[in-house]
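For the sequence shown, the positions run 12 to 254 when my numbering is used. A virtual CB, placed ideally from N, CA and C, is assigned to each residue, including glycine. Read through the structure below, which is laid out as structure tokens, and then see the notes.
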Amino acid sequence: MRVVILGATSGIATATARLYAAEGAALMLVARDAGRLEALRTEMLGLGAAACRTAALDLAAADPHSRLADLVEQLGGVDHIHIAYAIMPAQSLAAADLSVARSMMETNYVSTALWALAAANLLEAQGRGSLVVLGSVAGDRGRRRNFIYASTKAGVETLVEGIAHRFAGTALRAVVVKPGPTATAMTATSPPGRRMASAESVARVARAAAERGGPVQYAPRHWWWIMLVVRALPWWLFRRANI
Ligand SMILES: NC(=O)c1ccc[n+]([C@@H]2O[C@H](COP(=O)([O-])OP(=O)(O)OC[C@H]3O[C@@H](n4cnc5c(N)ncnc54)[C@H](OP(=O)(O)O)[C@@H]3O)[C@@H](O)[C@H]2O)c1
């Protein structure tokens, strides 16, 4: 099993990498912070990874097509590709300063979509493999609290579902995993007392998604039921709800 993880220093991605390492997979961990990558490399080898390479890269600035081919060549091939990076500045900041909104859109949607398309082309060319991309339950509806971030995640979901449709009937898989609120650095400033899933529980869904299930998967899975209700709320009720 050879696995590329883009955004490997994210809380959820690191938990996912640990699962693969414990299975003895060979890993290519990609993120911006070289120091944290080196610490992860040591940890993954300690957990049982067959190999662990790292690449320090700003994924929003790099050229996905050429860089992905290079990363996969260094790993000696690939079976699963996970895309797990994103940023979530405060909605008030992004609404007031459009350069902040632009940076979030470019990181969360434009660059993620281009890496996903590059991954889809690479997997298609080799005729097998899985692509797993992290979306969010936030992408299901435009809520006043975080609709700029949510719109980037809605875009990612549509794109990945489209890739899955393109892969239908082949040995290839594409899945968007949609976590609910999860305890990581991204939610560290959330009000205390808010219920959060653990990064490990979301990672288990992401790991399993590479092998089975549909193209859209909620994590933890009970979010499927919650979002079924939220999506069904009529506008007159939704606009009054402070969710
Ligand atoms: N946590 C939640 O509640 C939650 C809920 C739903 C969906 N998600 C989604 O799940 C995924 C993982 O979230 P998380 O909570 O695990 O995130 P996290 O712990 O906050 O980490 C985000 C990671 O993204 C990396 N990153 C941002 N921009 C990058 C760039 N241009 N190039 C390379 N790396 C970049 C950051 O690297 P640096 O450290 O270098 O900045 C950081 O490691 C994201 O797609 C997020 O939107 C999270």
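Three-way DSSP call (helix, strand, coil) for residue i in this model
i	result
residue 120	helix
residue 96	coil
residue 112	helix
residue 68	coil
residue 202	coil
residue 244	coil
residue 143	strand
residue 103	helix
residue 29	helix
residue 55	helix
Spatially closest choice to residue i from the options, by CA coordinates
i	options	result
residue 133	79, 151, 116	79
residue 231	189, 250, 241	189
residue 204	194, 212, 210, 213	194
residue 303	185, 136, 39, 19	The chain is shown from 12 up to 254; residue 303 falls before or after that span and cannot be answered.
residue 85	117, 14, 106	14
residue 33	48, 221, 57, 16	57
residue 174	216, 208, 143, 223	143
residue 115	75, 247, 162	162
residue 250	110, 184, 155	155
residue 12	221, 236, 229, 248	221
residue 44	167, 150, 19, 243	19
residue 90	184, 214, 228	184
residue 97	83, 178, 69, 74	69
residue 129	235, 171, 252, 192	171
residue 168	71, 28, 229	229
residue 223	186, 200, 135	186
residue 146	136, 131, 124, 138	124
residue 141	202, 217, 166	217
residue 157	139, 198, 179, 126	198
residue 24	226, 215, 239	215
Closer than 6 Å: residue i CB and nearest ligand 1 heavy atom
i	result
residue 203	no
residue 169	no
residue 118	yes
residue 245	no
residue 288	The requested residue 288 does not occur in the structure, where the chain is confined to residues 12 to 254.
residue 98	yes
residue 88	no
residue 147	yes
residue 151	no
residue 196	yes
residue 248	no
residue 77	no
residue 22	yes
residue 81	no
Anticipated Cβ contact below 8 Å, residue i with residue j, distance rounded
i	j	result
residue 66	residue 36	That pair is no contact at about 17 Å.
residue 76	residue 17	Contact doesn't hold; Cβ gap of about 14 Å is too wide.
residue 164	residue 149	5 Å
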